[in-house]
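**Student:**
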Amino acid sequence: NAGVTQTPKFQVLKTGQSMTLQCAQDMNHEYMSWYRQDPGMGLRLIHYSVGAGITDQGEVPNGYNVSRSTTEDFPLRLLSAAPSQTSVYFCASSYSQTGGTEAFFGQGTRLTVV
Amino acid sequence: GIQVEQSPPDLILQEGANSTLRCNFSDSVNNLQWFHQNPWGQLINLFYIPSGTKQNGRLSATTVATERYSLLYISSSQTTDSGVYFCAVEGYSTLTFGKGTMLLVSP
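Chains U and A, in that order, give the protein sequences.
Oh and the first sequence: position 96 is 78 in the working numbering, straight run, nothing missing.
Whatever position you read off the second sequence (first residue = 1), add 10 for the working numbering.
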């Protein structure tokens, strides 16, 4: 059981380039989300999805797009990379538990934009 | 949105010592989770604890939802406990994180 798999683990982009961070989960979880982690800031929500075909914005969505065509996959697209998007990106999947949902995280993608 | 505050921001312990980490949150929440981010950056689930007390080995957690706080206890700390401890609260299927407590356990 792989859990939540993110690829790539490391990436360097030039300003203005575009790319897609991949996230796949094999736990049949209905909820998926993307966070970014910056020094001293904790993790902040970028976009999330409550099911296939449904996405919504989080706290810091600008410069990112998402789609959810299947339950398993939730890619994050950077349209035109900027140095401010240098960060560590985490994908999470969640399932409903009593009273709420429990989240599990992938290993992260460290992105540097030069 | 919900505000999450963790204290202390940094903590240095000698191996074998005990510690208590605190998480305060500003509103009612569906769920609270504690995570450990190890030195390699991996986020490890410690507890799913919307209320009550849970224990797992040397670690235990208590959430008092009516008073909007949670505590994480680490007993007999080991060097492998080093890293950053995050609490995160759930509003609607997404999490709001605190800024974490950075723990260093020295031999």
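Ideal Cβ positions, reconstructed from N, Cα and C, are used throughout, including at glycine.
#1: Give me, in chain order, the residues of the same chain whose beta-carbon lies closer than 8 Å to that of Gly35/U; leave out the 5 immediate sequence neighbours on both sides.
#2: Quick one, which of Gln16/A, Asp20/A, Arg32/A has its alpha-carbon nearest Thr72/A's?
#3: One question on the structure: do Tyr30/U and Asp38/U come within less than 8 Å of each other, judged by their Cβ atoms?
#4: Anything in the stretch 94 to 105 of chain A with a Cβ closer than 7 Å to a Cβ of chain U? List those residues in chain order, please.
#5: Where does Thr83/U sit, in a helix, a strand or coil, going by DSSP?
#6: What in chain A is Cβ-close to Glu84/U, meaning under 8 Å?
#7: By DSSP, does Gln39/U sit in helix, in strand, or in coil?
#8: Using beta carbons (cut-off 8 Å, strictly below), is Lys64/A in contact with chain U?
#9: For Thr111/A, name the three-state secondary structure that DSSP assigns.
#10: Which residues, in order along the stretch -5 to 29 of chain U, keep a beta-carbon less than 9 Å from a beta-carbon of chain A?
#11: Tell me whether Ala98/A sits in a helix, a strand or coil according to DSSP, three-state version.
#12: Asp20/A by DSSP, collapsed to three states: which one?
#13: Are the stretch 78 to 86 of chain U and the stretch 85 to 93 of chain A touching, with three or more C-beta to C-beta distances below 8 Å?
#14: With respect to the beta strand (DSSP E) encompassing Phe(-8)/U, which residues constitute its N-terminal and C-terminal limits?
**Tutor:** Taking the definition as stated:
#1: Here residue 35/U corresponds to residue number 53 of the first sequence, with the count starting at 1. If we look at Gly35/U and ignore the five residues flanking it on each side, its Cβ neighbours are Arg50, Ser51.
#2: Start at 1 with the first residue of the second sequence, and residue 72/A comes out as number 62. Selection Gln16/A, Asp20/A, Arg32/A evaluated against Thr72/A yields Arg32/A as nearest (Cα-Cα).
#3: Taking the first residue of the first sequence as 1, we reach residue 30/U at position 48. Taking the first residue of the first sequence as 1, we reach residue 38/U at position 56. It is a contact, given that the beta carbons lie within the stated cut-off.
#4: Correct list: Phe96, Glu100, Ser103, Thr104, Leu105.
#5: Stepping through the first sequence from its first residue, residue 83/U is reached at position 101. In this structure, Thr83/U counts as strand in the three-state DSSP scheme.
#6: Counting from 1 along the first sequence, the entry for residue 84/U is found at position 102. Within 8 Å Cβ-Cβ: Asn41, Gln43, Asn55, Tyr58.
#7: Taking the first residue of the first sequence as 1, we reach residue 39/U at position 57. DSSP places Gln39/U in strand when its eight states are reduced to three.
#8: Here residue 64/A is taken as the residue at index 54 of the second sequence, counted from 1. False, the Cβ-Cβ gap to chain U never drops below 8 Å.
#9: The count along the second sequence starts at 1 and reaches residue 111/A at position 101. Taken through DSSP and simplified to helix, strand or coil, Thr111/A comes out as strand.
#10: Answer set for the stretch -5 to 29 of chain U: Glu12, Tyr13, Ser15, Tyr17, Gln19, Gly22, Met23, Gly24, Leu25, Arg26, Leu27.
#11: Numbered from its first residue, the second sequence carries residue 98/A at position 88. Ala98/A falls in the strand class under three-state DSSP.
#12: By one-based count along the second sequence, residue 20/A stands at place 10. Here Asp20/A sits in strand by DSSP.
#13: Note that the stretch 78 to 86 of chain U does not touch the stretch 85 to 93 of chain A; fewer than 3 beta-carbon pairs, one per stretch, sit closer than 8 Å.
#14: Position 10 of the first sequence, counted from the first residue, corresponds to residue -8/U. -8 to -5 is the span of the beta strand (DSSP E), which, as asked, contains Phe(-8)/U.
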